[in-house]
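To keep things clear, I will list the structure first and then write my remarks on it.
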Amino acid sequence: MDSNFVFMHVSIQYNSLVQVFVKTWRTEGCATLYRGYAPTLLGVIPYSGTSFFTYETLKRLHSERTNDRSVHPTERLIFGAIAGMLGQSASYPLDIVRRRMQTASLTGSEYSTIRSTINKVISEEGLIKGLYKGLSLNWIKGPIAVGISFTTFDLTNNFLKNCSFLNSGIVSPIG
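Residue numbering for the sequence shown is 1491 to 1665, as defined by our numbering.
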C-alpha cells in the first residue's frame, strides 16, 4: 500500500489508488506491490530498539538522579522526543532504501536489493547526503509524535494501575 502511495506522488499518470494497483499488477506483476517490504521490516528493529532503550534509560537515569521522584509529563515528552529522534536516525537509511526500491520502476533506476541500493546511493551521493537526505525534516514531526505516544502510554498505564476495579484482582493492568 505504501509503495502505491509513493507511485501516485511520483507519477502523474494515476488518478486513484485503485488505478495504481490495477496498472501495477498488469504491467509489472504482483511482486512489485511488495517492493521495499524487506527494508521496512528491517527498519523496525533499529527504530524500536533505539527508541524503547533510550526512553526507558532516560526514565531510569531520572529516577536515580532525583531519588525516585515521579517523572513529570513534560519530562516524559522530552524523553520520548529524544528517543524518537535517535530511533529515526538509526533507521533512516533503511527508509531511504525502501523509498528508492519502491520508486525504481518510475525513475528508471536499478534498485533491486537492500545491499545494492545502499551501495549505489553511497557511491553516487555519499554516505550522509545519500542515506540521511531529508532526516532533518523528520526530526520536526517524528519526535513530537513519539514523545506524545510514550507519554500517553505511561500516563494511561499509571492511571489503570491506580483504578480500584483493577486492584480487585479481576483485571490486571498493562506492564
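For glycine and all other residues, C-beta sits at the position ideal for the given N, C-alpha and C. Computed from a predicted structure; not experimentally measured.
| Check | Outcome |
| --- | --- |
| Cut-off 7 Å between Cβ atoms - residues of its own chain near Thr1530, not counting five sequence neighbours on either side | Arg1588 |
| Coil, strand or helix - Gln1509 by DSSP | helix |
| Top-ranked residue by Cα proximity to Thr1544, from Gly1620, Ala1571 and Ile1630 | Ala1571 |
| Expected contact under 8 Å - CB spacing of Ser1599 and Ala1573 to nearest Å | With 8 Å as the limit, Ser1599 and Ala1573 do not qualify as a contact, their Cβ atoms being about 34 Å apart. |
| Gly1519, DSSP secondary structure in three states | coil |
| Contacts around Tyr1537, its chain only, beta-carbon distance under 8 Å, and the 5 residues preceding and following it disregarded | Gly1577, Gln1578, Ala1580 and Ser1581 |
| Rounded C-alpha distance that separates Val1512 from Arg1590 | 21 Å |
| Whole-number beta carbon distance between Thr1514 and Val1507, since they are thought to touch under 8 Å | In the sequence under discussion, the amino acid at residue 1507 is Leu, which differs from the Val named in the question. About 11 Å separates the two Cβ atoms, so there is no contact after all. |
| Whole-angstrom distance between Asp1644 and Lys1651, CA atom to CA atom | 10 Å |
| Contact set for Phe1649: own chain, Cβ-Cβ below 7 Å, skip 5 residues either direction | none |
| Length of the line joining the Cα atoms of Thr1564 and Ile1612 | 39 Å |
| Three-state secondary structure (DSSP) of Ser1606 | helix |
| Per-residue burial, Arg1559 [other beta carbons within 10 Å of its own, 16 or more giving buried] | exposed |
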